[in-house]
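Following: one structure in structure tokens, then a few remarks.
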Amino acid sequence: MSLFDPGLNLSAYYPGTLPPEWPGGYWIHWGVFVVIILAFVLLMAMGFIWLERREVGRFQARLGPNRVGPFGVLQPVADAIKVLTKEDIIPAKGDKLVYWLAPVVAFVPVLMVFAVVPFQDGALLADLNIGILYVVAISSVSVVGVFMAGWSSNNKYSLLGAMRAVSQLVSYEIPLGLSILGVVVLAGSLSLNSIVEAQHIPFILLQPLGFLIYMAAAAAEINRTPFDLLEADSEIVAGFHTEYSGMKFALFYLVEYCEVLAVSVIVTTLFLAGWKGPLLPPLLWFLIKVFGVFTVIVWVRATVPRLRVDQVMAFAWKCLLPLALINLLITGIQVLVWPEVLPWAVVFLNLAIMVVLILLWSKFFKLGGGRVEV
Amino acid sequence: MKFERYGAGIAKGMVVTLKHLFRHPVTTQYPEERLTVSRRTRGNELIWDRERCTGCATCAKSCPQGAIRIVTSRGEENDYIVEEFRVDSGYCIFCGLCVESCPYEALFMGYGYERARYRRRELVLNKEELLTSEKKQPSGYARPKVEAALPPQTLLLDRDGVKK
């Protein structure tokens, strides 16, 4: 019996990888979901590009793109056509092989994140029992592509941007993982589908501090403002993709928005109860929440200016890391000793703890032993 | 205790941007919407008065670009008849020296600004194209008598064709 036998039902061999009622064999499920995820990611990334430009426009009291198509929705298409027909330039003294590989290395891991994201109950490519661990592991690979791009461009600004990206990712991975651990402790599972199922109260209420830490750390990981140091236009031109043009640049641009999409999707799944919601179909709830999270990210981008390098690093190590550790400790204690009958009291308790901790840590937060202005 | 250091500063900023989200955009979407320009604005159109012009050609002499071409012939009462008055507004730098130098107040600066053309030859304006029309009215530039009759100065606040 071969693996490519269409009648083969692999769910007997890998329990939990398939929804039980799914028709057809394993490979049909696999093929269908690969197509769905590709279409979802590319369409949503295009939509996000349009939405971000429109929303930032409105936040700045202007309209944003409004020429191509109704409300300018075809603007990303026009941009894509423009950027794909541009000349593809490779720096003469660059490392050509690495230069070619970098966009792909950056793009593939981001795409792979969506394999474990449940769009509905059980509607996902693979319900891995280590889902969120897989997400954390795979999403940090794309920074290798970023560093490859910075290295192979043979440009000091690109290398600076790439080094900033790596240092930022290494620092912020820790509070990110710790804030996810709080959710995992509450849900008692690493599988994203089980985490959604466990959210009778959305975890944003039970884990308000964890949510804030996750949003800050994720913004730093995907290099969004206020942590967009690696492509700080005013300092190092565009960071790692200064030398890139044409299709390769388009791929990096796509990576940026796919990462935002991945973060929106994971925040939705971990903290906002994923596809759960009254009245509307689950898929619609999922999309609404994803767009809501993205709007908040854009809102932050429209408001907060870029931080300095030392501020970014100090914020990760002196502020987010201890807060995430304390949050994990408190969550663990609550899961162990809190009576099951009082879920709503925990919400208010955690909110109060969050306010106290944030005030306390803001008071202690100093740079350079207090000699440097924050 | 200053709460700006404790996250309140960021919250304030977020509220400011949120208010902007529900504001009407301040930008003018130019071809569809146009700012209502004050009648006192000194635009870059040149306006010629057929009745007042004596054909003295002071304007053509004062033009630093040599953009004005004026051809006259002798009339019956020993005066000039302006046969050709042509301004190549592609060369014109809108300095207004012709308007200032005109001894008979026959030239004016208009208040319009939409002079873009698709063809270079359309930039050369002849006698008929230099006359006043409904859209082409003189501004008060260097013409105190015209200025006295104009309505007061308005700000660039109103827009035509705005969908509110």
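Residue numbers (our numbering), protein chains in the order written: chain L, 1 to 374; chain V, 1 to 164. Don't be surprised by glycine CBs; every beta carbon is placed ideally from N, CA and C.
Rounded to the nearest whole angstrom, the CA to CA distance from L/P322 to L/I297 is 24 Å. Inclusion of V/C102 and V/T132 in the CB contact set at 8 Å is not warranted, their separation being larger than that value.
Per DSSP, the beta bridge partners of L/A123 are L/Q120.
For V/E84, the pairing in a beta bridge is given by DSSP as V/V71. Measuring C-alpha to C-alpha distances from L/L349 to each of L/S158, L/L284 and L/Q207 identifies L/Q207 as the nearest. Residues of chain L whose Cβ lies closer than 7 Å to the Cβ of V/L21 are, in chain order, R58 and F59.
Taking the C-beta atoms as reference points, V/G110 is found nearer than 8 Å to V/Q137. A direct Cα-to-Cα measurement between L/I326 and L/F211 gives close to 14 Å. With contacts defined by Cβ atoms closer than 8 Å, L/F252 and L/L51 do not form a contacting pair. L/N66 has a beta carbon lying within less than 8 Å of a beta carbon in chain V. Taking C-alpha positions only, L/H29 is separated from L/S152 by approximately 39 Å. Within chain L, no C-beta atom comes nearer than 7 Å to that of V/G110; the closest sits roughly 30 Å away. Contact between the stretch 35-49 of chain L and the stretch 256-272 of chain L is established, with three or more Cβ pairs separated by less than 8 Å.
For V/R42, same chain residues with a beta-carbon under 6 Å away, outside a window of 5 residues either side, are M109, S139 and Y141 in chain order. The straight-line gap separating the alpha-carbon atoms of L/R164 and L/L176 is approximately 18 Å. Contact between V/L155 and V/S89 is ruled out by a C-beta separation of about 28 Å, above the 8 Å threshold. Counting other Cβ atoms within 10 Å of its Cβ, L/D310 stays below 16 and is therefore classed as exposed.
Closer than 8 Å to the CB of L/W151 there is not a single CB belonging to chain V. Residues of the stretch 301-315 of chain L with a C-beta atom less than 8 Å from some C-beta of chain V are A302, T303 and V304, listed in chain order.
Rounded to whole angstroms, L/S167 and L/L178 show a C-alpha spacing of 18 Å. For L/W275, there is no enclosing alpha helix (DSSP H), as DSSP gives it neither H nor E. L/I174 and L/W299 have their C-alpha atoms some 25 Å from each other.
The beta carbon of V/P64 is closer than 8 Å to those of I93, C95 and L97 in its chain, skipping five residues each way along the sequence. Rounded to whole angstroms, L/F271 and L/W27 show a C-alpha spacing of 32 Å. Residue burial annotation: L/D228 is buried, with at least 16 other C-beta atoms found within 10 angstroms of its C-beta. Closest option to L/K86, judged by alpha-carbon separation, among L/A273, L/F291, L/G246 and L/F315: L/G246. Restricting attention to L/I358, L/A262 and L/L133, the CA atom closest to the CA of L/L209 is found in L/I358. Here V/Y80 is near V/T54, since their CB atoms are less than 8 Å apart.
Around L/A314, the same chain offers L367 as residues with beta carbons nearer than 7 Å, after the five sequence neighbours per side are excluded.
For V/M109, the beta-bridge partners assigned by DSSP are V/L46. For L/V196, the CB contacts under 7 Å within the same chain, skipping 5 residues up- and downstream, are P118, T269, A273, G274, W275 and K276 in chain order.
Annotation: the continuous alpha helix (DSSP H) that includes L/D79 extends over Q75 to L84. One alpha carbon belongs to L/L63, the other to V/R39, and they sit about 28 Å apart. Its Cα nearest to that of L/M148, the residue L/L160 stands out among L/L160, L/I138 and L/V335. At the C-beta level, L/F59 and V/L107 stay beyond 8 Å of one another. DSSP places V/I93 in no alpha helix (DSSP H); its state is neither H nor E.
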